[in-house]
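Notes follow once the structure below has been shown.
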Amino acid sequence: MSETLPATGLLAASWLLIALPLAGAAVLLLGGRRTDRWGHLLGTGTVVAAFVLGLACTVQLAGVDGRSVDVDLFTFIQTGSLDVGAGLLFDPLSAVFVLLITGVGALIHVYSIGYMAHDPARRRFFAYLDLFVAAMLLLVLGNSYVALYVGWEGVGLASYLLIAFWYTRPAAATAAKKAFVMNRVGDVGLALAVFVMFAQLGTTSYAGVLGNVGLLAGGTVTALGLLLLLGACGKSGQFPLQAWLPDAMEGPTPVSALIHAATMVTAGVYLIARSAPIFDASPSARTVVLVVGAITLMIGAIAGCAQDDIKKVLAYSTVSQIGYMFLAVGLGPVGYVAGLAHLLTHGFFKAGLFLGAGSVMHGMGDQTDMRRYGGLAGKMKTTFVTFGLGYLALIGFPLLSGYWTKDAIIEAAFDRGGVSGWLLGGVAVLGAGLTAFYMTRLMLLTFFGRPRWDDGVHPHESPGVMTVPMVVLAVGSVAAGFLLVEVFPLADWLAPVFGEPAEAAAHAIPPLLVSVLVSLVVLLGAVVAWLFVGRREVPVTAPARVSPVVRAARHAIYADAVNESLLMRPGMWLTRALVFVDNRGVDGVVNGTAAALGGSSSRLGRAQTGFVRSYALGMLGGAVLVAGALVAVTAG
Amino acid sequence: MSDFPWLLAMIVVPAAGAAVVAALPRGRDLLAKQVALGVSLLVFLLAVLATVAFDTGGPRFQLTTSVSWIADFGVSFALGVDGIALVMLLLIGLLVPVVLVASWADTMPAHRSMRSYVAWLLLLEAMMVGVFAATDVFLFYVFFEAMLVPMYFLIGSYGGPRRQYAAMKFFLYSLVGGLVMLASVIGLYVVSNSQLGQGTFAFDALRQLDIDPGVQKLLFIGFFVAFAIKAPLVPFHTWLPDSGAEAPIGGAVLLVGVLDKVGTFGFLRYCLPLFPDASRDLAPWILVLAVIGVLYAALLAMGQSDMKRLVSYTSIAHFGFIALGIFAFTTEAATGAVLYMVSHGIATGLLFLVIGMLIARGGSRHIRDYGGVAAKAPLLAGVFLIAGLASLSLPGTSSFVSELLVLIGAFPTRPVFTILATTGIILAALYILIMYQRTMHGPPRGVLLADDEPAAAVPAGTSGGATAVMDAPARTRSLRVQDLSRRELAVVAPLVALIVALGVYPQPLIDLVRPAVAATMDDVGSDPGGITPTHPGSEGTN
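Right, dumping it as structure tokens:
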């Protein structure tokens, strides 16, 4: 890591990045109905202001020697040898995230003004959204693992509140609880990692921990890596903690776009990239990251192929794409920049796809079943074009964003060499084909074919306040990959964090060949999708008689069933058994002893109450006497 | 000003207030409440001024008052506080007026008056101040027993349907603990008599004794049992769910929020400094109980249908965390334990209060009788959520700071126990969010539903935007429930503000208790300077 300087100028005020949206949330929540009329404007304004400030800070950072500054705020917790400061670290890595969070966040705020226009609780929505932005900025700006943890659970809270935004719907309330609890499982890992850092190195700051990884024993480093990975899996919906993310689609669609696609769920990738020195020092931990990424990218892609709910397809796609990012950062130094580049382009096109899905739902009476769509291309032209560009970017259409960033990951996987390199590369290519399949299927079901709309539905284009953010994100979907790879190389910008980009070593397969191979597989996936749904009449209800493979894909490889039978049911039995034991056993022994001494326990309950009462009064009398004696003694 | 007998005043004022209120003529309930509130606010002011007069750099015990009492036995009426006792006095001073305002509109059981209820509350306050302020072990014992009396009557006379059973159970458990402790108190006197040539109960003198390890163990167990019943550790816990459930809300807040903390306070004040060898020898066993408590009580909390019982079980789990923090013998963890005592008092107090407000509307303590309350009472639901989040130690609340300190401080010396306890944060999320979802979320349901309004409007927040797919409840009936009143807001606002303030900036509170914690760690033979990391000299810039 390069030398960190104290912040000056605008960077010294970078705490305002967090404070602005936080203040917005506080005003909206405490202000009550008085703020109903302008609350959404305040909520949006604070995030736009944070984006402008973030941009200015980043520009200033570019001119700072070493491109890393520290903002010391106040002492958070100091006792014994533990000293946790509240402070921020503004470096190229956090800057990239600040721009993503506030930039995409501002666009989605604007979109939400239209999307939530008729919801009576719109003010509450913007308050929670602001709360999320503040917590997410703390997560990426904090200069210690404790600060990260505070933001980490803070975004978990915001996610809970927003998934359960329409809380009268039992499914939404349950999904929110599931998300929070599964995240907490991951949080245990993150918390234990923090404890290990303090026990070993006496500090939890990035500077203190990451600068001293060399002092730690090999086993300790691996343990740290695995604990951090557990935390990352919870937040990012990675195997085996992926089951909450598709359910989180119960939240309003802008929430799915911002939190459950573009930003919060990528926090796990941030955590691993931020902890690069730990993972660099432990090949075993890196291997587990790779395996988790590869498994998850396949689970997500397979499940995405069999969903009929447009948001569920996109959700499983997110699970799968974050699997790509984990795969990338698991490759170590060669993969960090590739993973983060894909994270950024994914932020653009997936947010755009979700906003497009929201626009479709808006025009279709909140229908989410794609079997009830069809032929919308002509009715919603802006949505169709922007969504189509996002689609092309996601499947890796040549020269669009996904082409640059996903192909880089696939190349890096092959470059790992050996059997594992071929295996990982093969999985990544196969995943690309599946991605093309499920996304083409989604496009065909939604925008092409014969209309299969419900009665009384009149599809219409969404208002400008919604389509403008979609257009901006579509432009990003087209251009971001090219810009980040060729024009303003992300690798150079992040060099102070991950080191100078290595000269291209000998590739296992020439990059051009990888591109051609991937493009062919993608084309194959798209053609198969067309053969399945584009060419044939689509039934309005999903066929019940399907092959075991399709059934497994519909149930996302039975993740919920496994969780239920392994954890939830045994847990409920255990709880019931313990309640019985505590009431009959532990308490029974005590009551029974008392009963054995004094007859039946019910007699004890009645007869001896009078006794206890008089005893209590006797004690009170005694205490009064003692007090009187005391006064007498003192006076005398 | 430092000569002013702050602590004595904090005992005398509420005791006198109790006498005045009790002497009021029958039927003057409003006046009784007003007098009691005034008295309790005065006590709070005294606690704040005492804190101002307290010098964190000064001697261990300050604001001392000492009067020889039973000279023949070396008993003196000696009061004084260290930082730990002082924050407990602040907590008492805060919670009693809050409880009084919260109980303002309570209906009393037949033949019981508000006047007598508030009189017992004030008497309880006086006794609780005494138990934390005593620096003479015999005086401590007297207050320890005496505070049972007002609490017994608060539960047994003003509580729920099974109040007499619960009160008796509370009393018998506490009495047994107290008697065992009395034996140890007398034992201490005997030891001091043989070592110093003159028996004493003064804490500072007893701390200097060099007690034979075997004797230490016996005396330790006497104190430990009393304290483990009071701040219930499994398996001494079964009285608390009954008392917590049957006590009137005000009594439950003070019982779980303050009175039970005498147990954990006793561990720190008496067990560790007086019996350091025994504490070290027996710590593994106590930690086993603590960690079992964390997990067992959390699982039990999930299985409860009665919200007050549920919160009582969560408290048993929290006491397990506090015991872990104390018996890990590190400055960091013990600081966390003290902060935990404070933040648990505030957070669980708030949780009890808001559940009481819900029960006042629905008339039932059972989760199954509620549903969808958030739609009609968003403020109540919001406060419920904040209290719940504080209970599951979400960052940004005071409980997070204390739980983090306990766990991060206990991990270096007790990694296995700490890892097990850390999994308790998952269970905490479950028991809070399950209760919250069932009562606050979902369609309107349960006792709050108005039967006689068949075609009422769909609950607020269910139309427009992308919400039209929302499943309407089978029959659209509306909830008959009012949101929080101004009085109720005044009750919860200071607690919510403190939870957040201490969660964001806890350092002033840490600075207040740190010297006392360090001294206690020194007594028990740990490095008061805190943990030495495995790789020292590697401290980062932070």
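Protein sequence lines correspond, in order, to chains A and B.
So for the first sequence, our numbering puts the first residue at 40; every next one is plus one.
So for the second sequence, our numbering puts the first residue at 1022; every next one is plus one.
Ideal placement from N, C-alpha and C gives every residue a C-beta, glycine not left out.
In this text, all values refer to a predicted model and were calculated from it rather than measured experimentally.
(message) Any beta carbon of chain B sitting closer than 7 Å to that of residue 502 (chain A)?
(response) For the purposes of this step, residue 502 (chain A) is taken as residue 463 along the first sequence, with counting starting at 1. Against chain B, the CB of residue 502 (chain A) has no partner CB under 7 Å away; the residue lies outside that interface.
(message) One question on the structure: do residue 1431 (chain B) and residue 1354 (chain B) come within less than 7 Å of each other, judged by their Cβ atoms?
(response) Position 410 of the second sequence holds residue 1431 (chain B). Position 333 of the second sequence holds residue 1354 (chain B). In this structure, residue 1431 (chain B) lies near residue 1354 (chain B), with their beta-carbon atoms less than 7 Å apart.
(request) Report the neighbours of residue 1229 (chain B) on chain A: residues whose CB is nearer than 7 Å to its CB, in chain order. (result) Taking the first residue of the second sequence as 1, we reach residue 1229 (chain B) at position 208. Chain A residues near residue 1229 (chain B): none, gap ~25 Å exceeds 7 Å.
(message) Closest to residue 1093 (chain B) by C-alpha separation, out of B:1053, B:1214, B:1108 and B:1119, would be which residue?
(response) Position 72 of the second sequence, counted from the first residue, corresponds to residue 1093 (chain B). Each of B:1053, B:1214, B:1108 and B:1119 was checked against the Cα of residue 1093 (chain B), and the nearest Cα belongs to B:1214.
(request) Go through its chain and collect everything with a Cβ distance to residue 617 (chain A)'s Cβ below 6 Å, but skip five positions before and after it. (result) The residue you call residue 617 (chain A) lines up with position 578 of the first sequence. Closer than 6 Å at Cβ, skipping near neighbours: no residue.
(request) Would you identify the three-state DSSP class for residue 1216 (chain B), choosing helix, strand or coil? (result) Here residue 1216 (chain B) is taken as the residue at index 195 of the second sequence, counted from 1. Reduced to three states, the DSSP call for residue 1216 (chain B) is helix.
(request) Go through the region 82-138 of chain A residue by residue and report every complete run of the beta strand (DSSP E) that reaches 3 residues or more, in order. (result) Within the region 82-138 of chain A, the complete beta strand (DSSP E) runs of at least 3 residues fall at 108-118 and 121-129.
(request) May I ask which residues mark the beginning and end of the beta strand (DSSP E) holding residue 1087 (chain B)? (result) Along the second sequence, one-based indexing puts residue 1087 (chain B) at 66. 1083-1091 is the extent of the beta strand (DSSP E) around residue 1087 (chain B).
(request) Give the DSSP-derived three-state secondary structure of residue 496 (chain A) in the structure shown. (result) Along the first sequence, one-based indexing puts residue 496 (chain A) at 457. In the structure shown, residue 496 (chain A) adopts coil according to DSSP, grouped into three states.
(request) List the residues of chain B whose Cβ lies closer than 7 Å to the Cβ of residue 209 (chain A), in chain order. (result) Start at 1 with the first residue of the first sequence, and residue 209 (chain A) comes out as number 170. Result: 1463.
(message) Does residue 1476 (chain B) come out as helix, strand or coil in the three-state DSSP assignment?
(response) Reading the second sequence from its first residue, position 455 is the one you call residue 1476 (chain B). In this prediction, residue 1476 (chain B) has a pLDDT of 42, which is less than 50 and means its spatial position is unreliable; what the coordinates show is noted afterwards. Note: residue 1476 (chain B) maps to coil in three-state DSSP.
(request) Please classify residue 607 (chain A): is it buried, with 16 or more other beta-carbons within 10 angstroms of its beta-carbon, or exposed? (result) One-based indexing of the first sequence puts residue 607 (chain A) at position 568. Exposed.
(message) Rounded to whole angstroms, what is the Cα-Cα separation between residue 264 (chain A) and residue 326 (chain A)?
(response) Sequence index remark: in the first sequence, residue 264 (chain A) carries index 225 (1-based). Sequence index remark: in the first sequence, residue 326 (chain A) carries index 287 (1-based). Distance from the CA atom of residue 264 (chain A) to the CA atom of residue 326 (chain A), rounded to whole angstroms, is 11 Å.
(message) So that I know if they touch, is there some Cβ in chain A lying closer than 7 Å to that of residue 1353 (chain B)?
(response) Within the second sequence, residue 1353 (chain B) is the residue found at index 332, counting from 1. Output row for residue 1353 (chain B): interface = yes.
(request) Answer yes or no: do residue 248 (chain A) and residue 240 (chain A) have a C-beta to C-beta separation smaller than 7 Å? (result) Residue mapping note: residue 248 (chain A) aligns to position 209 of the first sequence, counting from 1. Residue mapping note: residue 240 (chain A) aligns to position 201 of the first sequence, counting from 1. A distance below 7 Å separates the beta carbons of residue 248 (chain A) and residue 240 (chain A).
(request) Output the boundary residues of the alpha helix (DSSP H) element that contains residue 1379 (chain B). (result) What you label residue 1379 (chain B) is simply residue 358 of the second sequence in a count that begins at 1. Looking at the DSSP string, the run of the alpha helix (DSSP H) that includes residue 1379 (chain B) is 1352-1383.
(request) Identify each residue in the region 104-123 of chain A for which the Cβ-Cβ distance to at least one residue of chain B is less than 8 Å, and report them in chain order. (result) Answer set for the region 104-123 of chain A: 109, 113, 114, 115, 116, 117, 118, 119, 120, 121, 122 and 123.
(request) For residue 549 (chain A), name the three-state secondary structure that DSSP assigns. (result) Residue 549 (chain A) sits at position 510 when you count from the first residue of the first sequence. Residue 549 (chain A): coil per DSSP, three-state reduction.
(message) Quick check: is the beta carbon of residue 1535 (chain B) nearer than 7 Å to any beta carbon in chain A?
(response) Stepping through the second sequence from its first residue, residue 1535 (chain B) is reached at position 514. With 7 Å as the cut-off, residue 1535 (chain B) counts as an interface residue toward chain A.
(request) On a CA-only basis, which of B:1046, B:1509 and B:1085 is nearest residue 1019 (chain B)? Give me that one, please. (result) No answer is possible for residue 1019 (chain B): the residues shown for chain B start at 1022 and end at 1563.
(request) Give the DSSP-derived three-state secondary structure of residue 1470 (chain B) in the structure shown. (result) Sequence index remark: in the second sequence, residue 1470 (chain B) carries index 449 (1-based). When secondary structure is reduced to three states using DSSP, residue 1470 (chain B) falls in the strand class.
(message) Any beta carbon from chain A within less than 7 Å of residue 1515 (chain B)'s own beta carbon?
(response) Counting from 1 along the second sequence, the entry for residue 1515 (chain B) is found at position 494. No, its Cβ sits nowhere closer than 7 Å to a Cβ of chain A.
(message) In chain order, what are the residue ranges of uninterrupted alpha helix (DSSP H) at least 4 long that sit wholly in the region 563-631 of chain A?
(response) Taken in chain order, the whole alpha helix (DSSP H) runs of length 4 or more contained in the region 563-631 of chain A are 587-593, 598-602 and 608-619.
(message) Alpha carbons only, please: which of B:1536, B:1421 and B:1543 is nearest the one belonging to residue 1522 (chain B)?
(response) The residue labelled residue 1522 (chain B) in the question sits at position 501 within the second sequence. Checked all of B:1536, B:1421 and B:1543; the closest Cα to residue 1522 (chain B) is B:1421.
(request) Spatial neighbours of residue 360 (chain A) within its chain, please: CB distance less than 6 Å, with the 5 preceding and 5 following residues excluded, ordered by chain position. (result) Numbered from 1 along the first sequence, position 321 holds the residue referred to as residue 360 (chain A). Closer than 6 Å at the Cβ level, and outside the excluded window around residue 360 (chain A), lie 385.
(request) Give a yes or no on whether 7 Å exceeds the smallest Cβ distance from residue 351 (chain A) to chain B. (result) Taking the first sequence and counting its residues from 1, one reaches residue 351 (chain A) at position 312. Judged by the 7 Å Cβ criterion, residue 351 (chain A) is not in contact with chain B.
(message) With distance defined between alpha-carbon atoms, name the residue in A:253, A:299, A:208 and A:347 nearest to residue 589 (chain A).
(response) Start at 1 with the first residue of the first sequence, and residue 589 (chain A) comes out as number 550. Nearest of A:253, A:299, A:208 and A:347 to residue 589 (chain A), Cα basis: A:347.
(message) Is there a C-beta anywhere in chain B that falls below 7 Å from the one on residue 129 (chain A)?
(response) In the first sequence, counting from the first residue as 1, residue 129 (chain A) sits at position 90. False, the Cβ-Cβ gap to chain B never drops below 7 Å.
(request) State buried or exposed for residue 420 (chain A), treating a residue as buried only when at least 16 other CB atoms are found within 10 Å of its CB. (result) In the first sequence, residue 420 (chain A) corresponds to position 381, counting from 1. It is exposed - the Cβ of residue 420 (chain A) has fewer than 16 other Cβ atoms within 10 Å.
(message) For residue 1100 (chain B), report the span of its beta strand (DSSP E) as first-last.
(response) What you label residue 1100 (chain B) is simply residue 79 of the second sequence in a count that begins at 1. Taken as a continuous stretch (DSSP letters only), the beta strand (DSSP E) holding residue 1100 (chain B) covers 1096-1102.
(request) Go ahead and label residue 79 (chain A) buried or exposed: buried means 16 or more other beta carbons lie within 10 angstroms of its beta carbon, across all protein chains shown. (result) Against the first sequence, residue 79 (chain A) aligns to sequence position 40. By the beta-carbon neighbour count (other beta carbons within 10 angstroms, threshold 16), residue 79 (chain A) is buried.
(request) Provide the residue span of the alpha helix (DSSP H) that contains residue 1128 (chain B), from first to last. (result) Walking along the second sequence from the start, residue 1128 (chain B) turns up at place 107. No alpha helix (DSSP H) holds residue 1128 (chain B); DSSP gives it neither H nor E.
(request) From the DSSP output, in three-state form, read off residue 1533 (chain B) for me. (result) Locating residue 1533 (chain B) in the second sequence gives position 512, where the first residue counts as 1. Helix.
(message) Assuming the contact rule is C-beta atoms closer than 8 Å, residue 1086 (chain B) and residue 1028 (chain B) should be a hit. Round their C-beta distance to whole Å, please.
(response) The sequence position of residue 1086 (chain B) within the second sequence is 65, counting from 1. The sequence position of residue 1028 (chain B) within the second sequence is 7, counting from 1. About 6 Å; that satisfies the 8 Å criterion.
(message) Quick check: what's the CA-CA separation for residue 1049 (chain B) versus residue 1460 (chain B)?
(response) For the purposes of this step, residue 1049 (chain B) is identified with residue 28 of the second sequence, where counting begins at 1. For the purposes of this step, residue 1460 (chain B) is identified with residue 439 of the second sequence, where counting begins at 1. Straight-line Cα distance between these residues: approximately 37 Å.
(message) I need the DSSP call for residue 401 (chain A), collapsed to helix, strand or coil.
(response) As a position in the first sequence, residue 401 (chain A) is number 362, starting the count at 1. Of the three classes helix, strand and coil, the one that applies to residue 401 (chain A) here is helix, per DSSP.
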